[in-house]
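> Sharing a structure here in structure tokens format.
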Amino acid sequence: MASTNDPFQFQEFEEAGNLLEANRDAITISIEDEDIKPEKQRKAAGFSPDDEDPLAGDDKTELLSGEKTSVPFWTFEYYQKFFDVETHHVKERIIGSMLPWPGKNFIHVHLRRNPDLYGPFWICTTLVFAIAISGNISNFLVHLGKPNYKYTPEFQKVTIAATAIFSYAWFVPLALWGLLLWRNNKIMNLVSYSFMEIVCVYGYSLSIYIPAVVLWILPYEWLRWCTVVVALCLSGSVLVLTFWPAVRDDHPKVIIAIMSAIVVLNVLLAVGCKAYFFSKPEEAIPADNSAATELTKAPSAT
Numbered sequence: 092m093a094s095t096n097d098p099f100q101f102q103e104f105e106e107a108g109n110l111l112e113a114n115r116d117a118i119t120i121s122i123e124d125e126d127i128k129p130e131k132q133r134k135a136a137g138f139s140p141d142d143e144d145p146l147a148g149d150d151k152t153e154l155l156s157g158e159k160t161s162v163p164f165w166t167f168e169y170y171q172k173f174f175d176v177e178t179h180h181v182k183e184r185i186i187g188s189m190l191p192w193p194g195k196n197f198i199h200v201h202l203r204r205n206p207d208l209y210g211p212f213w214i215c216t217t218l219v220f221a222i223a224i225s226g227n228i229s230n231f232l233v234h235l236g237k238p239n240y241k242y243t244p245e246f247q248k249v250t251i252a253a254t255a256i257f258s259y260a261w262f263v264p265l266a267l268w269g270l271l272l273w274r275n276n277k278i279m280n281l282v283s284y285s286f287m288e289i290v291c292v293y294g295y296s297l298s299i300y301i302p303a304v305v306l307w308i309l310p311y312e313w314l315r316w317c318t319v320v321v322a323l324c325l326s327g328s329v330l331v332l333t334f335w336p337a338v339r340d341d342h343p344k345v346i347i348a349i350m351s352a353i354v355v356l357n358v359l360l361a362v363g364c365k366a367y368f369f370s371k372p373e374e375a376i377p378a379d380n381s382a383a384t385e386l387t388k389a390p391s392a393t
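Mind the numbering: the sequence shown is residues 92 to 393 in the numbering used here, read in order.
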């Protein structure tokens, strides 16, 4: 028979109030919260939630704030944010670069401190192939029907066009950014642009040349020069309206020099591409005239 004082015998506990009468300052912890201390006890002990896992607190703060840790500019992670852009944003920026409006700054209206490299990269790439392909087609149409002409595609035009376009879209903004940064340190101008913003403006300003280059296929010099003038006016207007606020407080000679350089380089790119890739072919000398010339130069047999 089991003893009445068996320690393993199940016993019913009395009410908590009766058990705590002897010690009213005692603290009860439920089984469910055995590993979780109340917030008051944590604070009373001098511990904060981030003291247990500092990394967890940093990750939580980073996720809540939406900010990412800075990475070096020579890594791919640094440039990923410049390719994270919506399609409608690219569309709006292309339309804005083709339809400049007085008083509207392209950077302030369309970029909103969020430049991208997706649009400028594909605009430059498309323009390179458009110039090379249109130049080959134009050359083919000019010589079409000539018996001695044999068409051979000129692939070197792609390399030349890529060198000219990407050099203009990267090295010119780099030089302009350095110049504006130097002048801002001199005159403390309130308007300043980052290098990526300048690259973005130059890249989108070339979008108007893509339809113009396609029209250059037609063998009409008047049409080509008309499209050159229109494209120059639209592209140059975007650049002038964008960079005017950054230089208007400078010395007049510096203003004239910077704005003139922006316009002249744009003109040189357009006219240079037109002259090199779509040059007017020289008229062939008729066969009768060449034969007569040879007879005239031939010495007389005596």
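Glycine included, C-beta positions come from ideal geometry on N, C-alpha and C.
Only a predicted model underlies this, so the values are computations on that prediction, with no experimental measurement involved.
1. In its own chain, which residues sit with a C-beta less than 6 Å from the C-beta of residue 274, not counting the 5 before and 5 after it?
2. Given residue 282, which residues of its chain have a CB within under 7 Å of its CB, disregarding the five upstream and five downstream residues?
3. Would you mind listing the alpha helix (DSSP H) stretches within the region 251-306 that are 4+ residues and don't spill past its ends, in chain order?
4. Within the same chain, show all residues whose beta-carbon is closer than 7 Å to that of residue 215, passing over the 5 residues directly before and after it, in chain order.
5. Let me check understanding here. Comparing Cα to Cα, which of 219, 188, 230 lies closest to residue 253?
6. Who are the near neighbours of residue 202 in its chain, counting only those whose CB is closer than 7 Å to its CB and skipping five residues on each side?
7. Three-state secondary structure (DSSP) at residue 240?
8. Quick one, are the C-beta atoms of residue 355 and residue 319 less than 9 Å apart?
9. Rounded to whole angstroms, what is the Cα-Cα separation between residue 200 and residue 183?
10. Can the beta-carbon of residue 358 be found closer than 9 Å to that of residue 327?
11. May I have the straight-line CA-CA distance separating residue 310 from residue 231, to the nearest angstrom?
12. Could you pull the start and end residues of the alpha helix (DSSP H) that residue 356 belongs to?
The structure says:
1. Sequence index remark: in the sequence shown, residue 274 carries index 183 (1-based). Once the five neighbours on either side are set aside, the close Cβ partners of residue 274 are 341.
2. Mapped onto the sequence shown, residue 282 falls at position 191. For residue 282, where only same-chain residues beyond five positions count, the Cβ hits under 7 Å are 336, 337.
3. 286-296, 300-306
4. Numbered from 1 along the sequence shown, position 124 holds the residue referred to as residue 215. Cβ neighbours of residue 215 beyond the five flanking positions: 256, 257, 260, 294, 297.
5. In the sequence shown, residue 253 corresponds to position 162, counting from 1. Per the Cα distances, 219.
6. Counted from its first residue, the sequence shown places residue 202 at position 111. Here the set comprises 288, 291.
7. Position 149 of the sequence shown, counted from the first residue, corresponds to residue 240. Coil, per DSSP.
8. Here residue 355 refers to the residue found at position 264 of the sequence shown. Here residue 319 refers to the residue found at position 228 of the sequence shown. No, they are not a contact pair.
9. Within the sequence shown, the letter at position 109 stands for residue 200. Within the sequence shown, the letter at position 92 stands for residue 183. Taking the straight line joining both Cα atoms gives about 10 Å.
10. Counting from 1 along the sequence shown, the entry for residue 358 is found at position 267. Counting from 1 along the sequence shown, the entry for residue 327 is found at position 236. Cβ atoms of residue 358 and residue 327: closer than 9 Å.
11. As a position in the sequence shown, residue 310 is number 219, starting the count at 1. As a position in the sequence shown, residue 231 is number 140, starting the count at 1. Approximately 10 Å, taken between the alpha carbons.
12. Position 265 of the sequence shown, counting from 1, holds the residue named residue 356. Note, residue 356: alpha helix (DSSP H), 343-368.
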